[in-house]
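Take a look at the structure set out below.
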Amino acid sequence: MQSEENTQSKRVEKPLLSLKGITKAFPGTLANDDVGFDIGHGEIHALLGENGAGKSTLVKIIYGVLKADAGEVLWDGEAMTVAGPAAARQRGIGMVFQHFSLFEAMTVQENIGLAVTDEKDRKVLRQRIIDVSTGYGLPLDPDRHVHTMSVGERQRIEIVRCLLANPKLLILDEPTSVLTPQEVARLFETLNKLSSEGCAILYISHKLHEVQELCEHATILRGGRVVGECNPKVETPRSMAELMIGDKLTPPERNKPDLTDAPTRLEVSNLSLASDNPFGVDLDKVSFAVKGGEILGVAGIAGSGQVELMAALAGETIIADFDDCVRIDGQGVASHGPGKRRRLGAVFVPEERNGHGAVPGMSLADNAFLTAFRRMNLVKNGLIQSDPTEAFATDIIQSFDVRTTGHAAEAGSLSGGNLQKFIVGREVRQEPGVMAINQPTWGVDAGAAAAIHQQLIDLSARGAAVLVISQDLDEIFAVCDHICVMAEGHLSDVRPIGDVTVEEIGILMGGLHDQTVTPEIQQAEA
Amino acid sequence: MNGIEWIVPVVLTVITASTPLVFAAIGELVTEKSGVLNLGVEGMMLVGAVSAFAVASSTGSGSLGIIAGAAAGALMAAIFGWLTLTLLANQVATGLALTIFGVGFSALIGSAFVGFAIEPLPKLNLPGLSEIPIVGPLLFGQDFLVYLSFASVFAVGWFLKNSHGGMVLRAVGESHDSAHAIGYNVIGIRYLATMFGGAMSGLGGAYLSLVYTPMWAENMTSGRGWIALALVVFATWRPGRLILGAYMFGGITILQLNAQGLGLDVPSQLMSMLPYLATIVVLVLISRDQTKIRLNAPACLSQPFRPAH
Numbered sequence: 025m026q027s028e029e030n031t032q033s034k035r036v037e038k039p040l041l042s043l044k045g046i047t048k049a050f051p052g053t054l055a056n057d058d059v060g061f062d063i064g065h066g067e068i069h070a071l072l073g074e075n076g077a078g079k080s081t082l083v084k085i086i087y088g089v090l091k092a093d094a095g096e097v098l099w100d101g102e103a104m105t106v107a108g109p110a111a112a113r114q115r116g117i118g119m120v121f122q123h124f125s126l127f128e129a130m131t132v133q134e135n136i137g138l139a140v141t142d143e144k145d146r147k148v149l150r151q152r153i154i155d156v157s158t159g160y161g162l163p164l165d166p167d168r169h170v171h172t173m174s175v176g177e178r179q180r181i182e183i184v185r186c187l188l189a190n191p192k193l194l195i196l197d198e199p200t201s202v203l204t205p206q207e208v209a210r211l212f213e214t215l216n217k218l219s220s221e222g223c224a225i226l227y228i229s230h231k232l233h234e235v236q237e238l239c240e241h242a243t244i245l246r247g248g249r250v251v252g253e254c255n256p257k258v259e260t261p262r263s264m265a266e267l268m269i270g271d272k273l274t275p276p277e278r279n280k281p282d283l284t285d286a287p288t289r290l291e292v293s294n295l296s297l298a299s300d301n302p303f304g305v306d307l308d309k310v311s312f313a314v315k316g317g318e319i320l321g322v323a324g325i326a327g328s329g330q331v332e333l334m335a336a337l338a339g340e341t342i343i344a345d346f347d348d349c350v351r352i353d354g355q356g357v358a359s360h361g362p363g364k365r366r367r368l369g370a371v372f373v374p375e376e377r378n379g380h381g382a383v384p385g386m387s388l389a390d391n392a393f394l395t396a397f398r399r400m401n402l403v404k405n406g407l408i409q410s411d412p413t414e415a416f417a418t419d420i421i422q423s424f425d426v427r428t429t430g431h432a433a434e435a436g437s438l439s440g441g442n443l444q445k446f447i448v449g450r451e452v453r454q455e456p457g458v459m460a461i462n463q464p465t466w467g468v469d470a471g472a473a474a475a476i477h478q479q480l481i482d483l484s485a486r487g488a489a490v491l492v493i494s495q496d497l498d499e500i501f502a503v504c505d506h507i508c509v510m511a512e513g514h515l516s517d518v519r520p521i522g523d524v525t526v527e528e529i530g531i532l533m534g535g536l537h538d539q540t541v542t543p544e545i546q547q548a549e550a
Numbered sequence: 002m003n004g005i006e007w008i009v010p011v012v013l014t015v016i017t018a019s020t021p022l023v024f025a026a027i028g029e030l031v032t033e034k035s036g037v038l039n040l041g042v043e044g045m046m047l048v049g050a051v052s053a054f055a056v057a058s059s060t061g062s063g064s065l066g067i068i069a070g071a072a073a074g075a076l077m078a079a080i081f082g083w084l085t086l087t088l089l090a091n092q093v094a095t096g097l098a099l100t101i102f103g104v105g106f107s108a109l110i111g112s113a114f115v116g117f118a119i120e121p122l123p124k125l126n127l128p129g130l131s132e133i134p135i136v137g138p139l140l141f142g143q144d145f146l147v148y149l150s151f152a153s154v155f156a157v158g159w160f161l162k163n164s165h166g167g168m169v170l171r172a173v174g175e176s177h178d179s180a181h182a183i184g185y186n187v188i189g190i191r192y193l194a195t196m197f198g199g200a201m202s203g204l205g206g207a208y209l210s211l212v213y214t215p216m217w218a219e220n221m222t223s224g225r226g227w228i229a230l231a232l233v234v235f236a237t238w239r240p241g242r243l244i245l246g247a248y249m250f251g252g253i254t255i256l257q258l259n260a261q262g263l264g265l266d267v268p269s270q271l272m273s274m275l276p277y278l279a280t281i282v283v284l285v286l287i288s289r290d291q292t293k294i295r296l297n298a299p300a301c302l303s304q305p306f307r308p309a310h
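Read top to bottom, the protein sequences are chains A and B. FYI, in the numbering used here the residues of the first sequence are 25 to 550. FYI, in the numbering used here the residues of the second sequence are 2 to 310.
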């Protein structure tokens, strides 16, 4: 609020976009309640709020995907009704969705072409994709099919798709979750350039230090209402997080564990694996070990082999002849499927929540049963024990603060952060000896992320070996004891977290994608 | 030369047996590519057949008959679209109902036309070209609909692969939520695709009652609509394979009929099973390539779309 005067100067008399009294109700919830704020020409404006605060609903209203029940949207001072996203794009509004609106069976070029309405632009589309994507440091091969691409690469398509339309207002929903620090810096250069050219940016993110670095004005939503505005430059990430959750934020706490006598619980040695996907990444002699009580972080940008590594760890990919290249508590399991590994006390949380980590159309109780039935003894004589199963699910919901209507709620009805808390809770409650988790807090808000981080730390303190695969370096630095970097299927040496800087790791992660640093990295590795 | 002259009538019958399948299957392919599973092909073919025959025999014009057949099929598909796309009824159940409705409705209309005969559609006759031995009658001596069936397969293939409209159609079938989020009218596009499928099924029916057997008989499609449905899957939603499949099906059907005619010592029931068995075998072989199926099968097939407001 102290920033009103600051931003007033930049906002000439007429804002580009002005929201007044936007209200939108869904059955059972009021997603937006009398929301109003202005965005000036060329302003970079942050929209902050926890999951379920109504941010996504609000931007969908601006982009014309949803219709508001009440309130008005002024565009350059004139009342605007947006018939749909096509009309919004016509006006110069571009949007990068959090849950990508991509078509898996189609190529990059086709996906981008679908959003291009002008026949003339389509003819030169291929070259423009290459120009824009390389120009903004988001390299894309126009002919690749989306289903072969990682989450991070898919996000590039979304961003490039918007940039091609030369928007006046660009809405970005969680755009940096899967980028390296270098890529984020480059994206911010892009956004600052766009802003200086007069394009306003509405930026939704949970990474508050990024908001602080990039944005000059922030609107904070909680429970569908505007609860504050601030200038991020003069706030701290912590003060903004506390405004968002309306409560004190407890950052994860951990004591440095003494690992000298700890047993090795998860060991991977010389794991080489050719991907069965023509666009996948082959793993090349990956070796590491995680001791009980240790948290090892695997950094790396999307599509460096993390998905393949996770599949090999979880038993979704089986290596028939070399049982010993994956060992759980000393026992070789590489030729066995997930069932045997889970019986040995290992649990796994994949990257994709909906459809991989949980079945969206099934209840939370059923989802809890699916991975926990062995260790929690939820089957008797071949029958599901419904009372213990429901009690188990209810216990997870309560202990892990999952905001939902109860164990009968469909998994797909939960917001990303809440579903992730449920999935992590389901695995942690089984008191595993080994846990491997891929992207634990992707698209999860600050409060939920802190809770998940605390769970991982507590689990390792109880003697479990935890492997965290993440593209979010802050996360790795916050929870892990050791760190290694995955790039193009290779894994770097494991180093103690105190001995490395974010910059060093960032260069290792992005090295292969940044032509200027590549030779040095290769020399360093050789 | 005389030795292989016998091949001409065989190939001619294969063409007539295959053409209705080509029409119905290419229409259903477009419908399914948009994410709609219309199991009412058999019903739409029958209503198309009876409408085409009724109009052709009362006006004496084959062309009007063809148009009537296509229009009747499209109308049936529009009913299906209204039920499944607007009212969100289950597509599988509605499609089955459409077939049952089509069987009964066509029999009702057709009862007045049983026993009528009409002139079959004229064959192309290019002086000189059509008289070339073997090649002449095969390439230049067909009726208009045979050429149209080939043209429509190529047109659909080109449309899906190279045009923006085709890309939008595939996008709607691939992920209706994403297509909606980008701003495409999912329901409208699906209506168009469904009605195109209906019109093509109607044409397939019209071919049966105007050319194949120029008369009306109750239930004269005898399962061809179901075969067309299978062909779409068999072809993994690719027009090129679809026409291959249709002709393989038609070819085996005719060959086994001829074989039965020659009095081979094989039970006729076994012979009649051949086209189906062959299709199943080929289908199984093709399904082994998961990547291809993943790329071509519309991911939203038969899923209802409910836009958020």
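We put the CB at the ideal spot given by N, CA and C, even for glycine.
Looking at the structure shown, is residue i part of a helix, part of a strand, or coil, going by DSSP?
i        : result
B:Pro1   : No answer is possible for residue 1 of chain B: it lies beyond the span of chain B, which begins at 2 and ends at 310.
A:Lys38  : coil
B:Phe106 : helix
A:Ser33  : With a pLDDT of 44 at A:Ser33, under the threshold of 50, the predicted position of this residue should be treated as unreliable, and no value is reported.
B:Ala78  : helix
B:Ala182 : helix
A:Ala94  : strand
A:His241 : strand
A:His230 : coil
Per DSSP, residue i forms a beta bridge with which residues?
i        : result
A:Leu54  : A:Ala49
A:Thr465 : Partner(s): none; A:Thr465 has no beta bridge.
A:Arg246 : A:Arg249
B:Phe145 : The partner list for B:Phe145 (beta bridge, DSSP) is empty, contrary to what the question assumes.
A:Trp99  : A:Leu41 and A:Glu102
A:Phe312 : A:Val292
A:Pro520 : A:His506
A:Gly321 : A:Val492 and A:Ile507
A:Gly118 : A:Leu194
A:Ile68  : A:Ile225
A:Phe20  : A query on residue 20 of chain A cannot be resolved here, the shown segment of chain A reaching from 25 to 550 and no further.
A:Val458 : A:Ala370 and A:Ala489
A:Glu434 : A:Ser387
B:Cys301 : Per DSSP, none; premise fails for B:Cys301.
B:Lys124 : B:Asp144
Is it true that the CB of residue j sits closer than 7 Å to the CB of residue i?
i        : j        : result
B:Pro10  : B:Leu209 : no
A:Glu74  : A:Ile269 : yes
B:Pro215 : B:Ile119 : yes
A:Arg185 : A:Ala112 : no
A:Ala370 : A:Ile343 : no
B:Gly205 : B:Phe24  : yes
A:Leu295 : A:Glu332 : no
A:Ala323 : A:Ala470 : no
Can you give, in chain order, each stretch of the beta strand (DSSP E) that sits fully within the region 346-426 of chain A and has at least 3 residues? Runs of the beta strand (DSSP E) inside the region 346-426 of chain A: 350-352 and 370-373.
Are the region 152-163 of chain B and the region 41-52 of chain B touching by the rule of at least three beta carbon pairs closer than 8 Å? Because the criterion of three Cβ pairs below 8 Å is not met, the region 152-163 of chain B and the region 41-52 of chain B do not touch.
So does the region 115-133 of chain A actually touch the region 190-203 of chain B, counting three or more Cβ pairs closer than 8 Å? With the cut-off at 8 Å, the region 115-133 of chain A and the region 190-203 of chain B do not touch.
Inspect the CB distances between the region 43-54 of chain A and the region 80-97 of chain A and report whether three or more fall short of 8 Å. Taking 8 Å as the limit for Cβ pairs, the verdict is that the region 80-97 of chain A does touch the region 43-54 of chain A.
Alpha helix (DSSP H) segments (min. 4 residues) lying fully within the region 146-172 of chain A: Within the region 146-172 of chain A, the complete alpha helix (DSSP H) runs of at least 4 residues are 149-159.
Pairing CB atoms from the region 32-42 of chain B with CB atoms from the region 88-106 of chain B, are three or more of them under 8 Å? Under the Cβ criterion (8 Å, minimum of three pairs), the region 32-42 of chain B counts as touching the region 88-106 of chain B.
Across the region 215-223 of chain B and the region 103-115 of chain B, are there enough close Cβ pairs to call them in contact, namely three or more that are closer than 8 Å? In short, these stretches touch, since the Cβ pair count reaches three.
Residues, ordered as in the chain, of the region 165-183 of chain B that lie near chain E by beta-carbon distance below 8 Å: The structure shown contains no chain E; its protein chains are A and B.
Are the region 106-118 of chain A and the region 165-173 of chain A touching by the rule of at least three beta carbon pairs closer than 8 Å? Three or more beta-carbon pairs separated by less than 8 Å are not found between the region 106-118 of chain A and the region 165-173 of chain A, which leaves the two stretches without contact.
Runs of alpha helix (DSSP H) lying entirely within the region 224-280 of chain B, each at least 4 residues, in chain order: With a minimum length of 4 residues, the continuous alpha helix (DSSP H) runs that stay inside the region 224-280 of chain B are 225-235 and 240-262.
Check whether the region 310-323 of chain A touches the region 479-490 of chain A, counting contact only when three or more Cβ pairs, one atom from each stretch, lie closer than 8 Å. Using a C-beta cut-off of 8 Å, the region 310-323 of chain A makes contact with the region 479-490 of chain A, since at least three inter-stretch Cβ pairs fall below that distance.
Tell me, please, whether the region 288-297 of chain A touches the region 447-466 of chain A by the rule of three or more beta-carbon pairs shorter than 8 Å. Remark: three or more beta-carbon pairs, one from each stretch, lie closer than 8 Å, so the region 288-297 of chain A and the region 447-466 of chain A are flagged as touching.
Between the region 444-453 of chain A and the region 382-396 of chain A, do three or more beta carbon pairs fall short of 8 Å? The region 444-453 of chain A vs the region 382-396 of chain A: in contact.
Please confirm if the region 67-85 of chain A is in contact with the region 244-254 of chain A, defined as three or more CB-CB distances below 8 Å between the two stretches. Yes, they touch.
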